[in-house]
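Structure record follows, encoded as structure tokens.
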Amino acid sequence: MDFTYINDVKELNQLAADLERFGEAHDLNPALVHTFNLCLDEVLTNIISYAYEVPAQHHIYLSMKLIGDEVEAVIRDHGKAFDPLHDAREPDIDAPLEERPIGGLGIFFCKQLMDHIEYRRIDETNTFTMRKANISALPEED
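In terms of the UniProt record's numbering, the sequence shown has 16 at position 16, counting the first letter as 1, and numbering is strictly consecutive.
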């Protein structure tokens with residue numbers, strides 16, 4: 001399923017609704033849908049907040065697929081190049097809470113929650129891919 005959003009935080013509600021619809025269409029475990037919602041909300045928020053220097057309407061594209069026993073999300077935008085996996089500073093999770101700056105944990109959590117995560121810049125397009133096993137498709141333990 002393909003979805004298009006504009007760079008406005010109001011789109012985050014539509015993202016959540018679209019993910020619910022995708023989950024229902026593919027009979028996905030609600031916990032898996034929630035995990036994707038958490039991570040895609042973070043990525044979309046970062047794109048909306050930082051990718052565009054000109055305050056105009058821009059499109060952000062999301063493609064959701066079920067590939068074998070994995071769910072894949074690919075989000076694309078034409079904002080400025082930024083690789084959050086390598087360009088962003090790693091958070092110091094060992095520092096006391098009162099010494100940590102606000103923010104900076106979203107991509108860290110996505111790395112922990114997803115099975116695969118990658119960023120690529122292709123032809124002036126940022127492409128961020130996340131995959132996770134469809135936990136409802138895993139064999140049941142005896």
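We treat Cβ as the ideally placed atom computed from N, Cα and C, and that holds for glycine.
Cβ distance (whole Å) where residue i is taken to contact residue j below 8 Å
i: H58; j: D77; result: 7 Å
i: I47; j: I60; result: 6 Å
i: S63; j: D2; result: 5 Å
i: N29; j: I135; result: 5 Å
i: Y52; j: N7; result: 6 Å
i: V74; j: L32; result: Actually they do not touch by this definition, with Cβ atoms about 17 Å apart.
i: A133; j: D69; result: 6 Å
i: A56; j: N126; result: No, A56 and N126 are not in contact; Cβ-Cβ is about 17 Å, not under 8 Å.
Closest Cα partner of residue i within the set the options
i: K65; options: D18, Q14, K80, R121; result: D18
i: L44; options: V9, Q112, H34; result: V9
i: R131; options: R121, R120, C110; result: C110
i: H116; options: S49, H34, C39, G79; result: C39
i: M114; options: H34, R120, S49; result: H34
i: V54; options: Q112, E42, G79; result: G79
i: D107; options: E20, T129, E42, R120; result: Contrary to the premise, residue 107 reads as Ile rather than Asp in this sequence. The option with the nearest alpha carbon to I107 is E42.
Residues bridged to residue i (per DSSP)
i: I6; result: H59
(message) Which complete beta strand (DSSP E) runs does the UniProt domain "Histidine kinase/HSP90-like ATPase" (9-132) hold, if anything under 3 residues is left out?
(response) 59-67, 70-77, 116-122
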